[in-house]
Amino acid sequence: MCQYTVWDYIAPGENLKQHLQRKKSIEISFLFGVVDSILRVLHACKEQGVLRHGDLHSGNILIGDETRAKLDDSLKPRAPIYISDFGYGVTGGAKVPKDDYDGLAKIINEMIPHVEDAKATATQRKMLRSLKSDLGKLLCEANANERRPPLEILQLIRDIKMTAQAGEPGRPVPDHRTSPPINPRMDRASVSFR
Numbered sequence: 655m656c657q658y659t660v661w662d663y664i665a666p667g668e669n670l671k672q673h674l675q676r677k678k679s680i681e682i683s684f685l686f687g688v689v690d691s692i693l694r695v696l697h698a699c700k701e702q703g704v705l706r707h708g709d710l711h712s713g714n715i716l717i718g719d720e721t722r723a724k725l726d727d728s729l730k731p732r733a734p735i736y737i738s739d740f741g742y743g744v745t746g747g748a749k750v751p752k753d754d755y756d757g758l759a760k761i762i763n764e765m766i767p768h769v770e771d772a773k774a775t776a777t778q779r780k781m782l783r784s785l786k787s788d789l790g791k792l793l794c795e796a797n798a799n800e801r802r803p804p805l806e807i808l809q810l811i812r813d814i815k816m817t818a819q820a821g822e823p824g825r826p827v828p829d830h831r832t833s834p835p836i837n838p839r840m841d842r843a844s845v846s847f848r
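Here the sequence shown stands for residues 655 to 848, numbered as in our numbering.
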């Protein structure tokens with residue numbers, strides 16, 4: 655009996671690490687798009703009985719051809735985002751699978767320094783601030799029973815966007831580059847993104 659794996663061809667495609675090196679700067683909507691895509695895939699796979707990716711990193715996040723871009727939440731074109739090598743971290747290999755939420759936190763930390771403040775609106779900066787404070791804590795929850803499933807985190811992101819769009823008059827918008835990076839090994843109560 656033969657087993658085959660079929661993948662979509664993503665041309666000319668590049669991984670997120672290459673994309674960040676080439677582009678130098680990204681919009682906040684792109685960061686949210688990557689996080690959203692990863693969480694949607696984790697949710698769909700969990701629903702199908704796949705427990706984890708096991709090796710999430712920027713090399714496994716593929717950015718498709720920009721000429722095939724679709725409108726994102728901010729009504730700007732965004733190239734398709736794909737998660738690759740899904741499920742191979744749990745195939746019984748010699749390496750212990752890595753924690754998916756730790757991997758997602760590292761991906762977010764890798765993208766934050768590339769966020770382009772000059773093009774960000776006050777609403778987008780509020781979204782980023784909330785992403786760092788609220789999502790950072792959830793992703794580093796050590797106790798498996800306390801961890802939120804991907805769908806709940808997607809709902810939190812939706813709520814972050816809605817709250818930011820509703821506005822918070824009089825509240826200053828801090829520079830996202832001054833926050834410390836997330837560290838899965840530090841005290842879970844004091845974690846935040848860069």
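Glycine included, C-beta positions come from ideal geometry on N, C-alpha and C.
Asked                                                                                                              : Found
Three-state secondary structure (DSSP) of valine 704                                                               : coil
Serine 679 classed as buried or exposed, judged by whether at least 16 other C-beta atoms fall within 10 angstroms : exposed
Uninterrupted beta strand (DSSP E) stretches inside the segment 719-784 (no shorter than 3 residues)               : 735-737
Whether leucine 716 touches asparagine 763 by CB criterion (8 Å)                                                   : no
Presumed contact (8 Å Cβ cut-off) between leucine 692 and leucine 792, rounded CB distance                         : The question names leucine, yet the displayed sequence has isoleucine at residue 692. Wrong, their Cβ atoms sit about 14 Å apart, outside the cutoff.
For isoleucine 715: DSSP bridge partner residues                                                                   : Ile737
Residues near arginine 801 by beta carbon distance below 6 Å, same chain, minus five either side                   : Glu795
Three or more C-beta pairs below 8 Å linking the segment 681-695 and the segment 720-739                           : yes
Cβ pair valine 769, leucine 782 closer than 8 Å                                                                    : yes
Under the three-state DSSP convention, the category glutamate 806 falls into                                       : helix
Cβ-based neighbour list, arginine 676, same chain, cut-off 8 Å, excluding 5 preceding and 5 following              : Glu668
Cutoff 8 Å; reference leucine 674; Cβ partners in own chain excluding five residues on either side                 : Ile680, Ser712, Glu764, Met765, His768
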